Amino acid sequence: MGDLTRLVLKRLGYGLLTLLVVSILIFFAVELLPGDVAEAVLGQGATPETVQAMRDQLGLDRPAVIRYLEWLGGAVTGDFGVSAVSGDPVMRVIGARFVNTLFLAAYAAVIAVPFAIFLGVLVALLRNSVFDRVANVMTLTSISSPEFFLGYILILYLAVKLPLFPAIASLSGDMSFGDLLHRAFLPALTLVLVVTAHMMRMTRAAIINLLASPYIEMARLKGVKPWRVIVKHALPNAWAPIINVVALNLAYLITGVVLVEVVFVYPGIGQALVDAVAKRDFPVVQAASLIFAATFILLNLAADVGAILTNPRLRHPK
Amino acid sequence: MTKFSEKDVLLRIKDLQIQGYSEETWIDIIKGVDLTLHRGEVLGLIGESGAGKSTIGAAAMGYARDGTRISGGSIEFDGMELTTATEGEKRALRGSRIAYVAQSAAASFNPAHKIIDQHTEAPVQYRIQKRMAAQEDAMELYERLRLPNPGEIGFRYPHQVSGGQLQRAMTAMAMSCRPDLIIFDEPTTALDVTTQIEVLAAIRDIVDQFNTAAIYITHDLAVVAQMADTIKVLLKGEEVEQASTEQMLSNPQEEYTKSLWAVRSFQRDQKSRPTDGTPPIISVKNIDASYTGSAKVLDDVSFDIYPGMTVAVVGESGSGKSTTARCITGLLPPSKGEILFKGEKLPAKYTDRNKDQLRQAQMIYQMADTALNPKVQIHEIIGRPAQFYSGLKGGDLKQRVDELLDLIELDPAKYYYRYPPELSGGQKQRIGIARALAAEPEFIICDEVTSALDQLVAEGILKLLDRLQQDLGLAYMFITHDLATVRSIADEVVVMQQGKVVEQGPKDEMFTPPHHPYTDLLLSSVPEMDPNWLTTLLEERGVDNVGEAADVNQDPPDGKAEDEPTK
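Below, the structure written as structure tokens:
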């Protein structure tokens with residue numbers, strides 16, 4: 001296991017390095033945007049003097065490299081500065097929203113991942129049957145339709161025609177967990193529909209890819225039942241690609257859900273980011289982007305480690 | 001045939017026809033084969049690749065591989081017709097009454113599960129035994145098959161066990177339900193000769209002990225002679241002839257069978273080192289080498305190769321033969337020692353060598369299939385080194401390629417624009433030879449060039465290499481584990497074991513006693529046509545003194561070459 005720990009630490013090190021590079025890109029990309037906070041906040045009617053005064057107050061005139069280092073130093077300690085628009089600390093602006101986003105992502109993932117893998121195993125077992133074709137067409141349809149369209153369809157049928165769930169998923173702090181689940185059901189279902197196809201198809205492909213292996217033929221010639229050939233003999237060797245796709249989809253659930261949040265008026269971090277861009281609230285934009293980048297890097301790291309853990313050669317060295 | 005009576009018939013195949021799907025049509029691959037097998041009988045199926053041996057073996061279980069179908073005839077197993085049985089009925093036979101042992105145990109054990117979990121799967125599924133009882137039984141079988149640590153070895157994963165041990169574990173697995181019939185599909189082809197013996201002995205014992213019938217598929221006549229009561233020879237999906245083993249060996253009837261028997265006859269005269277002070281063309285001096293971060297794989301290896309001579313480097317897999325070749329070509333710089341070319345030192349890394357030095361280290365590979373780019377035409381494969389080393393262009397280049405194709409006995413008009421997948425195995429290997437020749441070297445490394453080929457084809461390649469050596473004065477370093485090949489073409493022999501040279505000298509001396517104990521072990525492990533060879537050998541060595549056991553006995557306690565798990 002010593003090797004494994006070292007491997008994980010090494011990957012983690014690379015991950016941090018990547019994050020550093022990303023932070024540079026984020027900071028200077030935001031710098032490249034036309035105008036600055038002072039102009040954006042004060043609007044067109046501002047006099048040059050007031051703009052200059054605000055720049056002095058925020059320290060915007062100092063060289064970008066200095067400001068980057070300051071920002072990075074703060075970010076490392078969890079201090080992303082102060083929102084240029086509201087004056088509140090950035091963490092207070094987006095902290096609660098990030099938690100909401102994580103809740104929604106976890107909600108969708110808990111349903112979607114087992115469902116997709118189960119469906120993938122099933123279509124691999126029944127490959128080239130009618131069920132396989134239908135499942136493929138259905139999941140492809142759901143992945144090809146825009147999320148907002150799926151969201152509105154679900155609202156139409158499950159909130160308006162059949163008033164089972166609320167169309168607007170606004171949350172408040174004093175709701176019970178059951179209420180939260182009920183409120184967030186439609187956005188979560190939309191996300192499930194969007195991510196299932198990808199994971200299911202990868203599960204199917206990874207399993208079918210292995211069916212030509214000698215050990216699968218051996219299992220068949222041992223009289224092993226078809227479902228057991230798939231579940232017991234193919235699936236354990238197919239985890240690596242499946243885990244990678246699952247990780248990519250989890251990352252998407254956290255970082256790519258702006259449209260779903262808008263449709264359901266869900267108070268997530270995606271909306272906060274869009275608002276901040278519109279208002280040129282650079283500290284918020286930078287913080288949100290960095291959180292997204294870290295999410296991606298962490299999930300991919302987890303996928304790598306997961307893929308390694310499913311390989312018996314690495315788990316049980318000679 | 002008198003040994004078995006009509007009422008003991010276990011498997012009766014009549015007029016079996018199997019088709020394979022290829023290029024959008026169904027092609028006959030088995031064209032009406034009959035086969036009768038009695039309880040306790042071992043039938044050897046032999047033939048070249050493509051003869052349909054494995055296909056018949058699978059069909060005996062009512063199984064058609066993907067892309068094939070049983071299109072006619074009948075397969076009757078113990079009164080049950082398999083061609084009309086349902087999938088469920090056939091599945092109930094597999095593993096319980098008919099078992100299968102595959103060619104590569106390393107690939108046929110599921111890497112994700114422990115060996116014993118795979119062993120007990122069938123008996124538990126068929127409710128023959130409870131899990132714990134099946135486990136006890138597995139350990140007993142491991143013991144009977146003389147696996148080391150029978151109580152513990154099953155709890156390892158396949159990658160933690162060596163190839164020969166895995167092959168025996170697979171035989172044990174086939175025995176788990178005490179089947180009436182086992183199909184052995186080339187079970188020792190992938191093993192070294194020393195390992196092969198123990199697997200053969202184990203298979204023969206266990207088949208005897210349980211009076212199991214078996215179909216033993218192989219292309220190695222000497223192996224089948226040890227195992228089978230009856231031999232059936234196949235050619236391109238048709239039976240050539242069938243007879244009892246003794247009769248088949250002493251008195252084959254058909255021309256094709258006779259040609260198979262005669263295959264090991266090619267032999268050329270042995271040459272000796274020049275006496276006029278010519279320096280060796282390649283001189284390997286005291287080299288050590290290791291792959292990054294691992295232990296030494298070469299330890300003080302030295303030998304010389306003189307112009308125009310063939311030096312065979314023999315040893316088991318993992319003995320460092322190919323690593324030595326990699327050092328000579330500069331792909332793996334040695335950590336100590338040097339390589340001399342005609343007395344001059346060659347730079348250790350190939351990137352530091354000039355064109356003229358690079359030209360001298362040409363290689364021909366074992367797997368012509370993977371050594372040739374399938375998307376590049378033949379003339380380009382051969383033309384590229386000719387262009388690179390000799391700067392030929394246009395008409396000159398075409399002429400040179402034609403010349404090279406003539407040299408390897410392929411018609412330039414026919415093969416110039418072909419792609420590798422359109423060629424047979426032997427033809428591909430010839431292209432590999434032409435590619436090496438295109439650099440106009442004086443020295444070529446042949447790495448197991450005939451191991452993947454059928455005997456008749458291999459013979460053609462050996463003859464071609466010999467002719468080229470005479471015409472062009474080439475020196476060969478011939479890496480092989482096949483001592484029959486060494487006998488036919490080598491001038492000198494270098495025996496390697498665990499990265500060391502244990503013995504070297506002219507071929508005639510090497511093949512005459514006294515030998516180094518390891519050379520002796522290698523030599524005596526090569527199967528011979530005599531059907532009593534294995535029995536005699538086992539008597540001489542003692543049952544517990546073959547293969548791994550023999551290795552351990554003659555080595556210092558820390559060195560166990562065979563215990564190295566498969567990579």
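Chains as they are written, first to last, in UniProt numbering: chain R, 1 to 318; chain E, 1 to 567.
Glycine residues also receive a C-beta, built at the ideal position from the N, C-alpha and C atoms.
Note that this is a predicted model, so its numbers are computed, not measured.
### Query
So is E:Ile13 in contact with chain R if we call contact Cβ pairs under 8 Å?
So, not an interface residue.
### Query
Is it true that the segment 297 to 307 of chain R meets the segment 20 to 27 of chain E, where meeting means three or more beta-carbon pairs spaced less than 8 Å apart?
Contact between the segment 297 to 307 of chain R and the segment 20 to 27 of chain E is absent, because fewer than three Cβ pairs lie under 8 Å.
### Query
Considering only the beta carbon of each residue, do E:Gln167 and E:Pro187 sit closer than 8 Å?
Against a cut-off of 8 Å, the Cβ pair of E:Pro187 and E:Gln167 comes out as a contact.
### Task
May I ask which residues mark the beginning and end of the alpha helix (DSSP H) holding E:Met132?
That run of the alpha helix (DSSP H) goes Arg131 to Arg144.
### Query
List, in order along the chain, the chain E residues whose C-beta lies closer than 7 Å to that of R:Ala204?
The residue you asked about is not Ala; residue 204 of chain R is Arg in the sequence shown. Against R:Arg204, chain E offers no close residue; the least beta-carbon distance is about 17 Å (beta-carbon pairs closer than 7 Å).
### Task
Name the one or two DSSP bridge partners that E:Ser283 has.
In DSSP, E:Ser283 forms a bridge with E:Asp304 and E:Leu340.
### Query
Residues bridged to E:His38 by DSSP?
Under DSSP, E:His38 shares a beta bridge with E:Val9.
### Amino acids of chain R, ordered along the chain, whose beta-carbon sits closer than 9 Å to that of E:Met61
Within 9 Å Cβ-Cβ: Leu221.
### Query
What runs of the alpha helix (DSSP H), each 4 residues or longer, lie entirely inside the segment 407 to 434 of chain E?
Those alpha helix (DSSP H) runs which fall completely within the segment 407 to 434 of chain E and span 4+ residues are 412 to 415.
### Start-to-end residues for the beta strand (DSSP E) that takes in E:Asp220
Membership of E:Asp220 in any beta strand (DSSP E) is not indicated, and neither H nor E is assigned to it by DSSP.
### Task
Just the C-alpha distance for E:Gly499 and E:Lys7, rounded to the nearest angstrom, thanks.
Approximately 56 Å, taken between the alpha carbons.
### Query
Where does E:Asn553 fall in DSSP's three states?
Low confidence applies here, because E:Asn553 scores a pLDDT of 40, under 50, leaving its location unreliable; read the following figure in that light. E:Asn553 falls in the helix class under three-state DSSP.
### Query
Which value, in whole angstroms, describes the spacing of the CA atoms of E:Ala133 and E:Arg127?
Those two C-alpha atoms are separated by around 11 Å.
### Task
Examine chain R for any beta-carbon lying closer than 8 Å to the beta-carbon of E:Arg69, and answer yes or no.
Output row for E:Arg69: interface = no.
### Task
With a floor of 4 residues, list each alpha helix (DSSP H) that falls wholly inside the segment 139 to 186 of chain R, ordered by position along the chain.
List check, alpha helix (DSSP H) in window: 147 to 155 and 177 to 183.
### Message
Would E:Ile18 pass as an interface residue toward chain R - the criterion being a Cβ-Cβ separation below 8 Å?
### Response
Closer than 8 Å: no.
### Query
Closer than 9 Å, Cβ to any Cβ of chain R: which residues of the segment 319 to 335 of chain E, in chain order?
Result list empty, no residue passes.
#### Entry: Residue range of the unbroken beta strand (DSSP E) whose run includes E:Tyr63
Looking at the DSSP string, E:Tyr63 is not in any beta strand (DSSP E), and its letter there is neither H nor E.
### Query
Taking only beta-carbon atoms, is R:Val113 less than 8 Å away from chain E?
Answer no: the Cβ-Cβ gap between R:Val113 and chain E never drops below 8 Å.
### Query
Which residues of chain R have a Cβ atom closer than 9 Å to the Cβ of E:Pro187, listed in chain order?
Those within 9 Å of E:Pro187 in chain R number zero; the least Cβ separation is about 13 Å.
### Query
To which residues of the same chain is residue 568 of chain E closer than 7 Å at the C-beta, ignoring the five residues directly before and after it?
Chain E is shown only over 1 to 567; residue 568 of chain E falls outside these bounds and no answer can be derived.
### Query
Beta carbon of E:Gly32, beta carbon of E:Leu16: below 8 Å?
For E:Gly32 and E:Leu16, yes; Cβs fall inside 8 Å.
### Task
State buried or exposed for E:Lys414, treating a residue as buried only when at least 16 other CB atoms are found within 10 Å of its CB.
Exposed, since its Cβ has fewer than 16 Cβ neighbours within 10 Å.
### Query
Between which two residues does the alpha helix (DSSP H) carrying R:Pro89 extend?
Element bounds for R:Pro89: n/a, residue is neither H nor E.
### Query
Is the distance from the Cβ of R:Met200 to the Cβ of R:Thr101 below 8 Å?
No, the pair does not count as a contact, with Cβ atoms beyond the cut-off.
### Rounded Cβ spacing between E:Thr310 and E:Ala289 (contact assumed at less than 8 Å)
So it is not a contact: roughly 23 Å between Cβ atoms.
#### Entry: Members of the segment 50 to 84 of chain R that neighbour chain E once the beta carbon cut-off is set at 9 Å
If the cut-off is 9 Å between Cβ atoms, the segment 50 to 84 of chain R has nothing near chain E.
### Message
Please report the straight-line C-alpha distance between E:Asp185 and E:Gly47, rounded to a whole angstrom.
### Response
The C-alpha of E:Asp185 lies about 12 Å from the C-alpha of E:Gly47.
### Task
Could you tell me the boundaries of the beta strand (DSSP E) in which E:Gly505 lies?
Run containing E:Gly505: Lys500 to Pro506, per the beta strand (DSSP E) assignment.
### Message
What does the alpha-carbon distance come out to for the pair R:Phe118 and R:Ile208?
### Response
One C-alpha to the other measures close to 15 Å.
### Message
Please tell me whether E:Pro506 and E:Ser302 are closer than 8 Å, where the distance is taken between their beta carbons.
### Response
Cβ atoms of E:Pro506 and E:Ser302: not closer than 8 Å.
### Query
Given 8 Å as the limit, is there contact between the segment 90 to 97 of chain E and the segment 212 to 223 of chain R, that is, 3 or more CB pairs closer than that?
Yes, since at least three Cβ pairs between the segment 90 to 97 of chain E and the segment 212 to 223 of chain R fall closer than 8 Å, the two stretches touch.
#### Entry: Close beta carbons around R:Ile291, own chain, < 8 Å, minus the five adjacent residues each side
Closer than 8 Å at Cβ, skipping near neighbours: Ile94, Phe98 and Ile269.
#### Entry: Where R:Arg71 falls, given that 16 or more other Cβ within 10 Å makes a residue buried
According to the sequence shown, residue 71 of chain R is Trp rather than Arg. By the 10 Å Cβ count, R:Trp71 comes out buried.
### Query
CB-CB under 6 Å to E:Ala64, same chain, minus the five flanking residues each way: which ones, in chain order?
Closer than 6 Å at the Cβ level, and outside the excluded window around E:Ala64, lie Ile70.
### Query
Which residues in chain R sit within 9 Å of E:Gln125, going by Cβ to Cβ distance?
Chain R residues near E:Gln125: Lys222, Gly223, Val224, Lys225 and Arg228.
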